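Numbering (mature numbering (1 follows the signal peptide of the UniProt record, and there is no 0)), first residue to last: -30 to -1, 1 to 131.
Glycine included, C-beta positions come from ideal geometry on N, C-alpha and C.
These numbers were taken from a predicted model, which means no experiment stands behind them.
Given below as structure tokens:
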């Protein structure tokens, strides 16, 4: 005999399971890293590097965000602040394309963004992966030039697909 209550529970459970397995859920969680380094000659200053990549399934559009932050006061702005990123995917026949920021070549996505007379340089974009990836890596190097001194810091994160 047909049991409507059991059938409804089965359908709901199946849909939830499919959402988890196929990545139809939200990209609210991410893989990220942050790192900072002091600026020589400016004891109360630092350059901070941040990198963030989404958790979407490899066949979904991927998102990323990078930033470089010059933190401190007097001076509170650098002559320039630069963020430079490299995102890669490893696997069988893997390549990156459909890029909305940066340049794709093979299985790498790279880019830079520089702002003058400011404290921050940040960038975000999307990309697609083809092939069968097993690992993704994102690295960001933040650099600042201030009062004749250059400093940098690198953040990196890795994810498995």
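Check                                                                                                                            : Outcome
Exposed unless 16 or more other CB atoms sit within 10 angstroms - verdict on residue 109                                        : buried
Minimum C-alpha distance to residue 10 - residue among 35, 36, 42                                                                : 42
Exposure of residue 97, with buried meaning 16 or more beta-carbon neighbours within 10 Å                                        : buried
Chain-order list of residues whose beta-carbon lies under 7 Å from that of residue -1 (same chain, five-residue window excluded) : 22, 23, 24, 25
Helix, strand or coil at residue 10 according to DSSP, with G and I counted as helix                                             : coil
Of the residues 75, 71, 82, the one placed nearest residue 54, counting alpha carbons only                                       : 82
For residue 115, three-class secondary structure by DSSP                                                                         : strand
Same chain, Cβ closer than 8 Å to residue 70, five either side skipped, listed in chain order                                    : 95, 96, 97
Residues of its chain near residue 58, where Cβ-Cβ distance is below 6 Å and the 5 sequence neighbours each way are ignored      : 77, 78, 107
Neighbour-count burial assignment, residue 104, 16 or more Cβ in a 10 Å radius                                                   : exposed
Assigned exposure category for residue 72 - 16 Cβ within 10 Å defines buried                                                     : buried
Residue 118 to residue 48 span [Cα, whole Å]                                                                                     : 10 Å
Contact belief for residue 51 with residue 90 at Cβ below 8 Å, rounded distance in angstroms                                     : 6 Å
Supposed contact pair residue 2 and residue 84 - C-beta distance, whole angstroms, cut 8 Å                                       : Between residue 2 and residue 84 the Cβ distance is about 22 Å, and since that is not below 8 Å, they are no contact.
Where residue 31 falls, given that 16 or more other Cβ within 10 Å makes a residue buried                                        : exposed
Cα-Cα separation between residue 33 and residue 15, rounded to whole angstroms                                                   : 30 Å
Where the beta strand (DSSP E) through residue 34 begins and ends                                                                : 32 to 41
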